[in-house]
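Participant: At the far end of the sequence shown sits residue 250, using my numbering, and the numbering has no gaps.
Ideal placement from N, C-alpha and C gives every residue a C-beta, glycine not left out.
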Amino acid sequence: MIVANWKCNGSKKMIQDWLRQYMDTFISSTGTYVGIAPPYMYVEHFLNLINEYGLDIKLGVQDVDKSSGARTSAISIDMIQDMDCKFTILGHSEKRVIFNESNENISKKLDIAIDKVDAIYCIGESAEENNKNQTKDILENQLSIIKGKIIPSSFSIAYEPVWAIGTGNTPTPEDINDIHKFIKDVVQSSTENNIVPTVLYGGSVNEANAESFFKQNYIDGALIGGASLEGKSFANIVNIFNGKNL
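1. Would DSSP call residue 162 helix, strand or coil?
2. Taking all protein chains shown into account, do 16 or more other C-beta atoms lie within 10 angstroms of the C-beta of residue 169, making it buried, or fewer, making it exposed?
3. Counting only the same chain and skipping the five closest in sequence on each side, list residues whose C-beta sits under 7 Å from that of residue 16.
4. Taking the beta carbon of residue 55 as the centre, do at least 16 other beta carbons fall within 10 Å, making it buried, or is it exposed?
5. Ignoring anything shorter than 3 residues, give me the beta strand (DSSP E) runs that lie fully in the region 43 to 96, in order along the chain.
6. Please classify residue 172: does DSSP put it in a helix, a strand, or coil?
7. Let me know if residue 252 comes out buried or exposed under the rule of 16 or more other beta-carbons within 10 Å of its beta-carbon.
8. Tell me the DSSP secondary structure of residue 104 in three-state form.
9. Measure from the alpha carbon of residue 94 to the alpha carbon of each residue in 186, 137, 144, 9, then state which is nearest.
10. Shortest alpha-carbon distance to residue 2 belongs to which of 221, 75, 229, 38?
11. Report the option in 247, 229, 167 whose CA atom is closest to the CA atom of residue 12.
12. Could you tell me the distance, in whole angstroms, from the CA atom of residue 201 to the CA atom of residue 52?
13. Given a threshold of 16 other Cβ atoms within 10 Å of its Cβ, counted over all protein chains shown, does residue 28 qualify as buried or as exposed?
14. Where does residue 224 fall in DSSP's three states?
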């Protein structure tokens with residue numbers, strides 16, 4: 005599973021250029037979930053071009069709100085389904101830090117989204133928490149929102165250590181693998197149906213380091229930020245994931 009998070013980046017020209025690069029680089033394969041979450045206003049434009057070119061890329065959004073109605077700027081689950089979006093990202097660290105999003109608020113969004121689209125729940129610790137060896141405590145707290153719930157197999161988690169996002173600094177692949185196993189164990193033991201989730205890694209993933217991550221037993225893919233903004237780079241990461249390293 006390889007997913008691009010464009011954050012607040014994009015334009016119609018960028019999308020056209022991105023798709024051209026992607027098609028020139030991507031080696032056709034089946035079975036890999038490839039998704040992209042552009043800013044919401046570009047979803048329809050992106051989707052039309054993907055359909056026109058016959059590409060197997062799923063469109064998603066970077067957040068979802070709880071309901072329609074008097075909620076200025078919100079995007080409801082019904083709206084994203086109407087736009088044929090297949091997934092939503094929830095709980096990204098930038099939402100937690102910049103917009104003060106709490107576990108409680110994310111939990112409400114997850115309850116609404118989880119049976120309607122594929123939910124990618126982001127968790128991760130700050131540099132200070134990492135330095136204090138609090139990583140597993142922080143992750144367990146963030147995972148508490150799914151305790152006792154029946155979680156569908158379409159649910160996935162993205163582990164994004166906040167101190168690694170966009171910095172070029174990353175934990176070792178072995179350390180990430182250990183954290184991913186911990187996440188899987190916590191989710192399996194705490195959910196009603198004992199689901200073992202797909203766990204993606206996000207945090208300065210690029211063409212140069214992707215293979216070292218994907219070789220690990222418990223890393224099931226990646227949620228990619230900066231390196232996803234160029235179609236060639238993103239396609240190469242998908243190729244690497246598919247075992248077709250160029």
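Facilitator: Reading off the structure:
1. The residue you call residue 162 lines up with position 158 of the sequence shown. Strand at residue 162.
2. By one-based count along the sequence shown, residue 169 stands at place 165. By the neighbour-count rule (16 or more Cβ atoms within 10 Å), residue 169 is buried.
3. Your numbering for residue 16 matches position 12 in the sequence shown. Scanning its chain for C-beta atoms nearer than 7 Å, with the 5 sequence neighbours on each side dropped, one finds around residue 16 the residues 49, in chain order.
4. On the sequence shown, residue 55 is found 51 positions in, with the first residue counted as 1. Residue 55 is exposed by the Cβ-count criterion.
5. Fully enclosed beta strand (DSSP E) runs of 3 or longer: 62 to 65, 91 to 94.
6. Counting from one through the sequence shown, the residue named residue 172 turns up at place 168. Residue state, collapsed to three classes: coil.
7. Shown here, the chain extends from 5 to 250; a query on residue 252 therefore has no answer.
8. Working through the sequence shown from its first residue, we reach residue 104 at position 100. In this structure, residue 104 counts as coil in the three-state DSSP scheme.
9. Translated into the one-based positions of the sequence shown, residue 94 becomes position 90. 9 is the residue among 186, 137, 144, 9 whose C-alpha sits nearest the C-alpha of residue 94.
10. This structure does not reach residue 2, given that the chain is present from 5 up to 250, and the question cannot be answered.
11. As a first step, residue 12 must be located in the sequence shown, where it is residue number 8. Closest option to residue 12, Cα to Cα, is 229.
12. Position 197 of the sequence shown, counted from the start, is the residue given in the question as residue 201. Position 48 of the sequence shown, counted from the start, is the residue given in the question as residue 52. In a straight line, the C-alpha of residue 201 is about 31 Å away from that of residue 52.
13. One-based indexing of the sequence shown puts residue 28 at position 24. When all chains shown are included, residue 28 counts as exposed.
14. Here the question's residue 224 lines up with position 220 in the sequence shown. It is coil, neither helix nor strand.
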